[in-house]
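Quick note on the working numbering: the sequence shown kicks off at 91 and runs consecutively.
Below is one structure, written out as structure tokens, with a few remarks after it.
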Amino acid sequence: MARARNIKPALFTNEILGVGHPLCTLLFQGLWLLADKEGRLEDRPLRIKAEIFPYREADVDAMLHWLAHKGFIVRYSASGKAFIEVCNFTKHQNPHKNEKESEIPSISEGCITSDFLGTRSEIIGTTRADSLSSDSDLLIPDSLIPDVLNPDSKPLPVAEAPAPSNVKVLNPKPKQKTEAQIANTNTWDSYTIAYLDRYGVEPVRNAKVNGQVAQLVQRLGADEAPGVAAFYVSINDSFFIRASHEFGLLVARAEGIRTQWLTGRQVNAVTARQMENTQANISAAQEASRSILEGGNSNAFLRRNR
């Protein structure tokens, strides 16, 4: 869950970020919002992309590697899981007193770093920020960016230093995608974001699922498929819930789910029975009315006047 944090103006004049891809700056800003009160978060590039770049093509893993190489973050592992720690986070932030404590181990607890950063003492602050009151929610403009982003900080490389060769990795040639590929990507991204919100994990994607995504787009069209895919995950039908909203069920019932999406009405087993009972009552009433008009036989419910 993203949180409100503070940003220093120095972010926009930093010489390191200035020679990198612009999306690196945006990604770095987003990491501050996703990090917990100790500046840590799970190193899950796909999930980070869904949170920060939901509508944009971006190689998040490559950009995270670049940020780590330049000393903005630490990428490390602990107990078989990958994590990220934003450098100098605790030095420049005083999270709200009611914010949940971090459940992620720090890099000082026997963890293994996965990207070269130099010595830890050079990149991680040890003192708490003094720019925010612990019981205040006010945002102070000059309280966020770590020391490595301050143009006046000594550790910064000089501006005339040659740009690193790996920067070109962050400037790939635009990939020419077909309209169908773009539609498939948009549909899967919409489904993934909704799935993450509901289940807290990423849905499985493989060759079979890729084919199902393409089939859904062909049946519903590029404009409607993303919206239907996201709506599907919100349906509280026991049949779908037991299957954890598996994508194949969406394809199997695409047209019916589209109708529910367009009308804004979810239909599950309960609402279906209610509709069936209502229709049965209407049919019985129509039959009784027709019998009266035609002078039908009398019965326990219908007696003719003599």
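Don't be surprised by glycine CBs; every beta carbon is placed ideally from N, CA and C.
Bear in mind the structure is a predicted one, so any value in this text is a computation, not a measurement.
With DSSP collapsed to three states, give me the class of residue i.
| i | result |
| --- | --- |
| K171 | strand |
| Y285 | helix |
| R348 | helix |
| I106 | helix |
| I97 | coil |
| V341 | helix |
| V291 | coil |
| E384 | coil |
Along the chain, where does the beta strand (DSSP E) that runs through residue i open and close?
| i | result |
| --- | --- |
| E132 | R130 to E132 |
Would you please verify whether the beta carbon of residue i is less than 9 Å from any beta carbon of chain D?
| i | result |
| --- | --- |
| E366 | Looking for chain D here will not work: only one protein chain is present. |
Which first and last residues belong to the alpha helix (DSSP H) in which residue i is found?
| i | result |
| --- | --- |
| S324 | A315 to S324 |
| H182 | F179 to H182 |
| N300 | A297 to L310 |
| Q119 | P112 to L124 |
| R332 | S328 to R332 |
Confirm, please, whether the CB-CB distance from residue j to residue i is below 9 Å.
| i | j | result |
| --- | --- | --- |
| E105 | T275 | no |
| R134 | A172 | yes |
| I272 | A312 | yes |
| Y145 | D279 | yes |
| L310 | E345 | yes |
| F143 | L117 | yes |
| I194 | L113 | no |
| S196 | E128 | yes |
| E141 | A92 | yes |
Discussion item. Runs of 4 residues minimum, wholly inside the segment 143-167: which ones carry the alpha helix (DSSP H) assignment?
Written reply: 150-159
Discussion item. Taking contact to mean 3 or more Cβ pairs, one atom from each stretch, closer than 8 Å, check whether the segment 305-319 and the segment 328-345 are in contact.
Written reply: yes
Worksheet item: Taking one C-beta from the segment 155-166 and one from the segment 186-193 each time, how about it: are there three or more such pairs within less than 8 Å?
Response: no
Discussion item. Count Cβ pairs between the segment 367-381 and the segment 338-357 that sit closer than 8 Å; are there 3 or more?
Written reply: no
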